[in-house]
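There are 2 protein chains.
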Amino acid sequence: MTVPPVSRRDRKKAATRQAIADAALQLFLEHGYDQVGIRDIADAADVSTATVFKHFSGKEALVFDQDQDRESELIAAVRERPCGQSILDALRQHVLDTWPSIEAHPQAAAFTNLVESTPVLRAYAERMWTRYTDSLGAAIADEVGVDHDDLACMALARFVLDIPALARGRQDRRAAVEAIFDILTRGWEPPSKPPVP
Amino acid sequence: MTVPPVSRRDRKKAATRQAIADAALQLFLEHGYDQVGIRDIADAADVSTATVFKHFSGKEALVFDQDQDRESELIAAVRERPCGQSILDALRQHVLDTWPSIEAHPQAAAFTNLVESTPVLRAYAERMWTRYTDSLGAAIADEVGVDHDDLACMALARFVLDIPALARGRQDRRAAVEAIFDILTRGWEPPSKPPVP
DNA sequence: GCCTAAAAGTGCAACGATTCTACTTGGAGG
DNA sequence: CCTCCAAGTAGAATCGTTGCACTTTTAGGC
């Protein structure tokens, strides 16, 4: 995926970054996000607090170390979809294939739990997704052949990126994802009332 | 709209709150959000910093003093829509009537500019909107007669609340709002390419 | 009218995240 | 081998935010 760093210098830099991220994640999982200070992390990784901020933009970013891969995958799903497939179907397919399986991974359960139970992290995660709106929207626009900032394409991107937040906590995530894509495909209509006994 | 406070105590409390909000807004507009500290605001309002936080949950909240009225209006628009009108139409109507006119107000221009040009405030504003998802979704669900956490209703609420973020910066906001509601009503389809000369 | 408990406000110290400054170090490349 | 730059460091400073112990105000029962 990402090419390994070339020079020794770059390797060391990457190693430091990794050490920090690892230390942070372990401490967070063990004691909770709010209970761990930047100093604790710096000490555990054996660096100074200043170094932590040289590598990460802030405390929250320590938790979401490599989640930008998801963005590229999303865009690739649109760009390299099998020919004849609609953009909406490609997105539906990709979301169904990728997102629930990630959450199902047992190791990820603790991580997910950490994020869900920490308001600051939930907020950060949401912003992270919506920050992808521009690039996903541009990719869609490209495929369709319109301006990069086309409103309809931006809207679709935004709505698709809302899905994780909407599907969160549902018993059947796949069904939820399908239902939302149905809305996006055919338009919204009042859901049918449950039968009255 | 909001009933005036009854007791002297409540009146004084409201006055203090207002003094703080006013001082904050003026200073922010004058010097920029990041250039003004909580202590500056407290001094200008002639209160202690602790008092500021007794009235507002944080620095960002000082900027969005009374924006929760918008939430109630939104929900009222759904609940008290003329009979026979669909929920989607009621929302479209309300958004068209309310939101662009607010932004058009000349005094609001500086305010809008302040928010747009300060990343922290943009992020906060977005969170604020999406925080209404639950209540708006519940209102819609009520009208339709399904569970309060019905997925389709939540999704619609969320999408509608995305509109300000999507329409931001468009030349013709009304058209943008219409276009987005068309997507929500009839489903998304690839926008037509502009004619090639 | 008087008393009292609760609410509102105060002043200040403390805490944690983040940033700044001046300084050291180690590897890359001539 | 030498030099330069990026990476790292220590430590102080800033700023939002909270906690604490204390004073003032006032609503409401006596």
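Going down the list, the protein sequences come from chains A and B. Here the first sequence is numbered in the UniProt record's numbering, starting from 1 and rising by one per residue. Here the second sequence is numbered in the UniProt record's numbering, starting from 1 and rising by one per residue. Here a beta-carbon is modelled for each residue, glycine too, at the ideal position from N, C-alpha and C.
**Study point:** Proximal chain A residues relative to Met154 (chain B), where beta-carbon distance stays under 7 Å
**Key:** Result: Leu166.
Practice item. Can you grab the Cα-Cα spacing for the pair Gln171 (chain A) / Gln107 (chain A), in whole Å? Key: Cα atoms of Gln171 (chain A) and Gln107 (chain A): separation of roughly 19 Å, rounded to the nearest angstrom.
Point to revise | Separation of Met128 (chain B) from Leu166 (chain B), as counted between CA atoms | key: Looking at the backbone, the Cα of Leu166 (chain B) and that of Met128 (chain B) are separated by about 15 Å.
Check your understanding: Which class does Pro191 (chain B) belong to by DSSP, given the choice of helix, strand or coil?
Key -> DSSP places Pro191 (chain B) in coil when its eight states are reduced to three.
Check your understanding: Taking 8 Å as the CB-CB cut-off, is residue 218 (chain B) touching chain A?
Key -> Past the edges of chain B, shown from 1 to 197, lies residue 218 (chain B), and the structure says nothing about it.
Check your understanding: By DSSP, does Asp67 (chain B) sit in helix, in strand, or in coil?
Key -> The answer is coil: DSSP assigns Asp67 (chain B) none of H, G, I, E or B.
Exercise for review: Can you give me the start and stop residues for the alpha helix (DSSP H) that Tyr124 (chain B) sits inside?
Suggested key: From DSSP, the alpha helix (DSSP H) with Tyr124 (chain B) extends over Pro119 to Arg131.
Review point. What separation, rounded to the nearest whole angstrom, lies between the Cα atoms of Thr118 (chain A) and Tyr124 (chain A)?
Key: A direct Cα-Cα distance of roughly 10 Å separates Thr118 (chain A) from Tyr124 (chain A).
Point to revise | Continuous alpha helix (DSSP H) stretch holding Lys13 (chain B): start and end | key: That run of the alpha helix (DSSP H) goes Arg8 to His31.
Check your understanding: Is any beta-carbon of chain A found at less than 8 Å from that of Val95 (chain B)?
Key -> For Val95 (chain B), the answer is no, since every Cβ of chain A falls outside 8 Å of its Cβ.
Review point. Taking Ala110 (chain B) as the reference, which of B:Phe28, B:Ser48 and B:Ala21 has the closest Cα?
Key: The shortest Cα separation from Ala110 (chain B) among B:Phe28, B:Ser48 and B:Ala21 belongs to B:Phe28.
**Study point:** Min CB distance Gly145 (chain A) to chain B below 8 Å
**Key:** Judged by the 8 Å Cβ criterion, Gly145 (chain A) is in contact with chain B.
Review point. From the beta carbon of Phe53 (chain A), is the nearest beta carbon of chain B less than 8 Å away?
Key: Answer no: the Cβ-Cβ gap between Phe53 (chain A) and chain B never drops below 8 Å.
Check your understanding: From Ala44 (chain A) to Ile38 (chain A), what does the alpha carbon distance come to, in whole angstroms?
Key -> Cα to Cα, Ala44 (chain A) sits roughly 10 Å from Ile38 (chain A).
Review point. With a cut-off of 8 Å, does the C-beta of Pro190 (chain B) fall near any C-beta of chain A?
Key: Chain A, which has a Cβ nearer than 8 Å to the Cβ of Pro190 (chain B), makes this yes.
**Study point:** Local Cβ density within 10 Å of Arg158 (chain B), reported as buried at 16 or more and exposed below that
**Key:** Burial of Arg158 (chain B) is indicated by the presence of at least 16 other C-beta atoms within 10 angstroms of its C-beta.
Check your understanding: What whole-angstrom Cβ distance do Ala179 (chain B) and Ala23 (chain A) have, given they're in contact under 8 Å?
Key -> Their Cβ separation, rounded to whole angstroms, is 48 Å, which puts Ala179 (chain B) and Ala23 (chain A) out of contact at 8 Å.
Check your understanding: Can you tell me the Cα-Cα spacing of Val177 (chain A) and Leu161 (chain B), whole angstroms?
Key -> Roughly 19 Å between the two C-alpha positions.
Check your understanding: How would you write the range of the alpha helix (DSSP H) that Gln85 (chain B) sits in, first residue to last?
Key -> According to the DSSP assignment, Gln85 (chain B) belongs to no alpha helix (DSSP H), since it is labelled neither H nor E.
**Study point:** C-alpha distance - Ser101 (chain A) paired with Val95 (chain A), whole-angstrom precision
**Key:** Cα to Cα, Ser101 (chain A) sits roughly 10 Å from Val95 (chain A).
Review point. Just curious, the alpha helix (DSSP H) that Phe111 (chain A) is in, first and last residue?
Key: The continuous alpha helix (DSSP H) containing Phe111 (chain A) extends over residues Pro106 to Glu116.
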